[in-house]
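Heads up: the protein sequence lines correspond to chains R and P, in order. Everything in the first sequence is counted per the working numbering, starting at 1 for the first residue and increasing by one. Everything in the second sequence is counted per the working numbering, starting at 454 for the first residue and increasing by one. Even glycine gets a Cβ: it sits at the ideal position worked out from N, Cα and C. See structure below.
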Amino acid sequence: MSCNDCNRTDLVRRAIAEAGRGLPELEPGMPLPAGTGMSRRSFLLGASGVALSVFGGAALSPRAIEEALAAAPAAQPVLLSVFLAGGVDTLSLLFPAGDPLYTKYRPSLKLDPTGATAFAPDPRLYWHPSAASLATLFGEGKVAALPAVGYDHPDQSHFTSRHYWEVGATDPQLRTGWLGRWLDTVGSADNPLQGLSLDTTLGPSLATATMPVAALDSPTRYSFSDSRYGVFPLEVQMLEALGALASPKTLSADPGLAQAARAARQSQQIRAQLATFQQLGTKVPYPASNDPFPQRLAGLAAMLQAGLPVRVVSITAPGAYDTHAGQAQPLSTGLKLTMDSLLAFQRDLEQRGLADRVLVHVWSEFGRRAQENGSAGTDHGAAGAGFLIGTRVNGGMIGQYPGLQSGLDQQGNLVATADFRGLYAALIAQWLGGDPAKVIPGASSFQQPTLLR
Amino acid sequence: MATPVYAGPFGVEQAQRLLWRAGFGPRHGEAEKLAALGLDGAVDALLHPPAFAAVGPEPSDRGLPLAPDDAYGHDHLWWLDRMVRGNQPLVERMTLIWHDWFATSNQKVGSQKLMLQQNQTMRIGALGSFRNLFLAMTEDPAMLVWLDGIRNTKRAPNENYAREMMELFSLGASNGYTEADVREQARSLTGWTASYQQGLGLTGFAFNPLQHDTGVKTVFGQAGNFDFLDSVRLCVTHPDHPAFFVTKLWSYFVPVPPDAATLNALVRIYVQDHQIQPVVRAILRHPQLYTGPRLVKPPVVYQAGLMRALQSPVDGTTWMQLAAQSGQRLFYPPDVSGWDDTRWLDTSTFRARWFIAAKALTPYRLDERVTAPRKKATDLLAAALHLFAEPSLLPTTQHALVAFADSAQQVANPHVVENALRQLIAVSPELQAA
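Rendered as structure tokens:
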């Protein structure tokens, strides 16, 4: 269905109407809400056994629930972290056609500036044609670009560098993600949706020490009955039993048992949270693709409109960016689908009236070597490109493009002009809310750019 | 000093744990048989299995035999079937470890035939010499495609394999090598080629001396006109390699790192001749395996284990899809570092495991339209547990299940409730981590 002005109240009304007769008794022991600062009541609706989670629902009549929802405090800011896996080639994404060394270093991979959009803050740079959607948003003042973001003593291992970015520190031993640690300081013990991976598995940046988080392949299909595998008439009661048997083990001293118990308990929790969620249609066309990325973004926009208590979200962009060989085509294909989807998402948020609530951060574990290799590809580099997208973003450039003449390190890789840890600290201080020092080790030692207008 | 050996009682419980760590869990009666052999006998039986044989119905897809080299998803099904019906569980488990260690994905290789060829090389070498296995992987066609070995030429070195052979396969990240070593190793590894033939894909993998850089390279401070044989030799004789090797191998069996004494003892076993089997033997006899914390079952182990215990047939690509949803489609590791064995379970992969259990239990599903007389909750639970060969559940789990069975019988008939109980047992934390 398509419905642009549905709000949370309508959703609740429809859920009640569809679930049928009468209001249900209060279910004891259900979790408190996340991040909303309000108490939550959960109800089992009628004979269908649909669980409904209501935020702030202190009273029991449908009218009271609606009123409580309508009176809920202004929704909180959301950060979406988009990962380009493999190390995207910065020098193609924002290619320096105006840098005299570019054609020398990139004899077969150099891009033609004719017809490409120039990057206003630095006349040497041009947007990759397949990133035209991002250039469009940049032109609207909704993008801050980091042409060379990274860290000192860059590590050229995918896994080490990605790990650094995920944990928010150059510490190989740290086991919690930077977004996970933020949730550990401000999150709720009973709201897995607060940290959400739109993926088949949990993104490591969301790994918490204590707070629950969730991974969701698709927000509209989170049920435990499926005609292909098995239908359970008592699904709701089974999930409750599962939560009950798992709960005592979530703090077990045996880490494997605790991990299994937490997954079971959190699955039961988000099953309840999503029970009444219906994805509202959008008038914005998302790119057609076999990759789930565009539809996951569309689902996220709908979840936010439905008032689900989501705070930080991680997602992996489509595309293969570890382009050691034959780089041009796969890079172009991946960038186009990624950026076109992000543009659609931004337009969707704008149409739903949610744009001021969401900030998107696009990152990759490193950039690639300035000099192309002999396989029409590029090997691992150092500083990479990053982007912040949103209507609240202070559009422009963070750091500078260091140039190929003097901006390469001894191994021929771009040096960083902005530190990712300063960016993270700024995201916490200026957008998510909270104390960066509690999340990013040594936060105060990194320069924090001004992110918002 | 030798590695410590578990000296406690070796009964059914210990045999079950051994079968989960060194295989895919017990069939009915298997743990009892293994327990009767005692610890050493049990470990040796796993290390020296009889000739391969499979019991139960042949695998199929829509009623037809598998075509693993060609048909979509049949690669996963073929291997899964060996895990489910085979009599060499440790060989298959070790092959799974090598698949994770030398993680190669058909996503890029694009040939089930080459992937299965690599799989067979890993299986044959599963418990032999690591140096030989490493060498076999270095010249393996799927690997040569995956990490661009065939694009690494004298004129245009490609660092992909050179980096990962040290970082992931033999030394560990930034452990005893430099970026200069990466570049020099890439030169040593030049010379592998293949040709593309319409309809056949990449073929004719061979070492071509004309493409090899014969110049002098300096690796780990040693200079020589090295080739790929030297590359592997330099890695396995590197002083930091043995500790990396035994620690990583240990991690597949025991979820906490070995203590210093154990590490040193394992290293002493390994350095004798780079043999895998004696190191595995020492790990499987170690007290930590029996008294330490549980290990979360990798998704494929969970899947194969349930199917093995319940004798579910491999009967279609749904099994591959469910494994993928639970985070482990065979032949498609996420990247060259393999799967993250510390993070198997979250709300998405848990749900996929739920469906794996539901499908494995389908042949046993009681007819929910038939109204059976109401039963005692404890009897219903006992009947459900029997199906799984009596796994041991913690008291909190038993209480929650009995409470569920009591209240559920208020609204549903005992067949519905027993089906639900079986499902809940299969997905309980105790059956996810063993």
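Worksheet item: Which residues, in chain order, does the region 708-731 of chain P contribute to contact with chain R at a C-beta distance below 7 Å?
Response: P708
Worksheet entry | Uninterrupted alpha helix (DSSP H) stretches inside the region 688-764 of chain P (no shorter than 4 residues) | Here the runs fully enclosed are 694-704, 713-726, 730-737, 740-744, 752-763.
Worksheet item: What does L202 (chain R) touch in chain P if you count any residue whose Cβ is under 7 Å from its own?
Response: Working through the first sequence from its first residue, we reach residue 202 (chain R) at position 202. Within 7 Å Cβ-Cβ: R796, D799.
Fill in: Neighbour flag for I315 (chain R) against chain P, beta carbons, 8 Å
Translated into positions along the first sequence, residue 315 (chain R) becomes position 315. Chain P contact via Cβ: absent.
Worksheet item: Nearest to L586 (chain P) by CA position, among P:L471, P:A484, P:V789, P:R686, is which residue?
Response: Position 133 of the second sequence holds residue 586 (chain P). The option with the nearest alpha carbon to L586 (chain P) is P:R686.
Discussion item. My output table needs one value for R124 (chain R): the three-state DSSP class, helix, strand or coil.
Written reply: Taking the first sequence and counting its residues from 1, one reaches residue 124 (chain R) at position 124. R124 (chain R): coil per DSSP, three-state reduction.
Discussion item. Please report the distance separating the alpha-carbon of Q756 (chain P) from that of L549 (chain P).
Written reply: Counted from its first residue, the second sequence places residue 756 (chain P) at position 303. Counted from its first residue, the second sequence places residue 549 (chain P) at position 96. About 14 Å.
Fill in: Neighbour flag for Y229 (chain R) against chain P, beta carbons, 8 Å
Your numbering for residue 229 (chain R) matches position 229 in the first sequence. Yes, Y229 (chain R) counts as interfacial toward chain P.
Practice prompt. Take V231 (chain R) and list the residues in its own chain whose beta-carbon comes closer than 8 Å to its own, dropping the five residues that flank it on each side.
Written response: Here residue 231 (chain R) corresponds to residue number 231 of the first sequence, with the count starting at 1. Excluding positions up to five away in sequence, the list reads S225.
Worksheet item: On the three-pair Cβ rule with 8 Å, is the region 330-345 of chain R touching the region 302-309 of chain R?
Response: No, the region 330-345 of chain R does not touch the region 302-309 of chain R.
Worksheet item: Does the beta carbon of G612 (chain P) sit closer than 8 Å to a beta carbon anywhere in chain R?
Response: Within the second sequence, the letter at position 159 stands for residue 612 (chain P). Reading off the sequence shown, one finds Glu at residue 612 (chain P), where the question assumed Gly. Chain R, which has a Cβ nearer than 8 Å to the Cβ of E612 (chain P), makes this yes.
Item to complete: Determine the extent of the alpha helix (DSSP H) in which T802 (chain P) is found, giving its start and end residues.
Response: Taking the first residue of the second sequence as 1, we reach residue 802 (chain P) at position 349. 800-814 is the extent of the alpha helix (DSSP H) around T802 (chain P).
Worksheet item: Hey, would you say L335 (chain R) sits closer than 8 Å to L137 (chain R), going by beta carbons?
Response: Walking along the first sequence from the start, residue 335 (chain R) turns up at place 335. Walking along the first sequence from the start, residue 137 (chain R) turns up at place 137. Cβ distance not < 8 Å, so L335 (chain R) and L137 (chain R) don't count as in contact.
Worksheet item: Which two residues bound the contiguous beta strand (DSSP E) that contains L245 (chain R)?
Response: The residue you call residue 245 (chain R) lines up with position 245 of the first sequence. Careful: L245 (chain R) lies outside any beta strand (DSSP E), inside the alpha helix (DSSP H) at 235-246.
Practice prompt. Please go through the same chain and pick out, in chain order, the residues whose beta-carbon is closer than 8 Å to the beta-carbon of L682 (chain P), but skip the five residues on each side of it.
Written response: Taking the second sequence and counting its residues from 1, one reaches residue 682 (chain P) at position 229. Here the set comprises L588.
Discussion item. With a threshold of 8 Å between beta carbons, is M211 (chain R) in contact with chain P?
Written reply: Here residue 211 (chain R) corresponds to residue number 211 of the first sequence, with the count starting at 1. The beta carbon of M211 (chain R) sits no closer than 8 Å to any beta carbon of chain P.
Fill in: Cβ-based burial, Y408 (chain P) [other Cβ within 10 Å; buried from 16]
The structure shown does not extend to residue 408 (chain P), since chain P spans only 454 to 887, so no value can be given for it.
Fill in: Where the region 812-840 of chain P meets chain C: residues whose CB sits under 9 Å from a CB there
Protein chains in the displayed structure are R and P, and chain C is not among them.
Discussion item. Tell me the rounded alpha-carbon separation between E240 (chain R) and T849 (chain P).
Written reply: Along the first sequence, read from residue 1 onward, the residue named residue 240 (chain R) stands at position 240. Along the second sequence, read from residue 1 onward, the residue named residue 849 (chain P) stands at position 396. Near 14 Å, if we compare the C-alpha coordinates of T849 (chain P) and E240 (chain R).
Worksheet item: Quick one: what does DSSP say P607 (chain P) is sitting in, helix, strand or coil?
Response: Taking the second sequence and counting its residues from 1, the one referred to as residue 607 (chain P) is at position 154. The identity of residue 607 (chain P) in the sequence shown is Lys, whereas the question assumes Pro. Here K607 (chain P) sits in coil by DSSP.
Practice prompt. Would you mind stating whether D820 (chain P) and H868 (chain P) have Cβ atoms separated by less than 8 Å?
Written response: Reading the second sequence from its first residue, position 367 is the one you call residue 820 (chain P). Reading the second sequence from its first residue, position 415 is the one you call residue 868 (chain P). Contact flag set, yes.
Discussion item. Whole angstroms are fine: how far does the CA of Y723 (chain P) sit from the CA of P695 (chain P)?
Written reply: Your numbering for residue 695 (chain P) matches position 242 in the second sequence. Your numbering for residue 723 (chain P) matches position 270 in the second sequence. Cα-Cα distance, rounded: 7 Å.
Fill in: Beta-carbon proximity of P882 (chain P) to A264 (chain R), cut-off 8 Å
To locate residue 882 (chain P), count along the second sequence from 1; it is residue 429. To locate residue 264 (chain R), count along the first sequence from 1; it is residue 264. The Cβ atoms of P882 (chain P) and A264 (chain R) sit closer than 8 Å to each other.
Worksheet entry | Buried/exposed call for L471 (chain P), threshold 16 Cβ in 10 Å | Position 18 of the second sequence holds residue 471 (chain P). With 16 or more Cβ atoms within 10 Å of its Cβ, L471 (chain P) is classed as buried.
Worksheet item: Which class does P204 (chain R) belong to by DSSP, given the choice of helix, strand or coil?
Response: Counted from its first residue, the first sequence places residue 204 (chain R) at position 204. Reduced to three states, the DSSP call for P204 (chain R) is helix.
Worksheet item: If you run the structure through DSSP and keep just helix, strand and coil, what is D356 (chain R)?
Response: In the first sequence, the residue the question calls residue 356 (chain R) occupies position 356. D356 (chain R): helix per DSSP, three-state reduction.
Practice prompt. Could you spell out where the beta strand (DSSP E) holding G377 (chain R) opens and where it closes?
Written response: Stepping through the first sequence from its first residue, residue 377 (chain R) is reached at position 377. Premise fails: G377 (chain R) is in no beta strand (DSSP E) and is neither H nor E.
Fill in: Segment contact flag, the region 366-382 of chain R with the region 393-401 of chain R, C-beta cutoff 8 Å, min 3 pairs
no
Discussion item. Which residues in chain R have a C-beta closer than 7 Å to the C-beta of Q885 (chain P)? List them in chain order.
Written reply: Residue numbering aside, residue 885 (chain P) sits at position 432 when the second sequence is read from its first letter. Going along chain R in sequence order, the residues near Q885 (chain P) (Cβ under 7 Å) are A260.
Practice prompt. Starting from the beta carbon of I428 (chain R), find every residue of chain P whose beta carbon is closer than 9 Å, and list them in chain order.
Written response: Stepping through the first sequence from its first residue, residue 428 (chain R) is reached at position 428. None at all; the shortest Cβ gap to chain P is about 24 Å.
Fill in: Residues near V458 (chain P) in its chain [Cβ-Cβ closer than 6 Å; skip 5 each side]
The residue given as residue 458 (chain P) occupies position 5 in the second sequence. Contacts found: R738.
Worksheet entry | DSSP state of M454 (chain P) mapped onto helix, strand, coil | Indexing the second sequence from 1 puts residue 454 (chain P) at position 1. Three-state result, M454 (chain P): coil.
Fill in: S61 (chain R) versus S267 (chain R) - alpha carbon distance
In the first sequence, the residue the question calls residue 61 (chain R) occupies position 61. In the first sequence, the residue the question calls residue 267 (chain R) occupies position 267. Caution applies to S61 (chain R), whose pLDDT of 37 falls short of 50 and renders its modelled position unreliable; the model cannot decide the point.
Worksheet item: Name the chain P residues that come within less than 9 Å of P160 (chain R), Cβ to Cβ?
Response: Residue numbering aside, residue 160 (chain R) sits at position 160 when the first sequence is read from its first letter. Checking the displayed sequence, the identity of residue 160 (chain R) turns out to be Thr instead of Pro. The answer, in chain order, is E620, A626, S627.
Practice prompt. Taking P255 (chain R) as the reference, give the member of P:R747, P:T715, P:Q565, P:P711 with the closest Cα.
Written response: For the purposes of this step, residue 255 (chain R) is taken as residue 255 along the first sequence, with counting starting at 1. Residue P:R747 holds the alpha-carbon nearest to the alpha-carbon of P255 (chain R) among P:R747, P:T715, P:Q565, P:P711.
Worksheet item: Ordered along the chain, which non-local residues of its own chain (more than five positions away) have a Cβ less than 6 Å from that of D693 (chain P)?
Response: The residue given as residue 693 (chain P) occupies position 240 in the second sequence. Excluding sequence neighbours, D693 (chain P) sits near L624, N628, G629.
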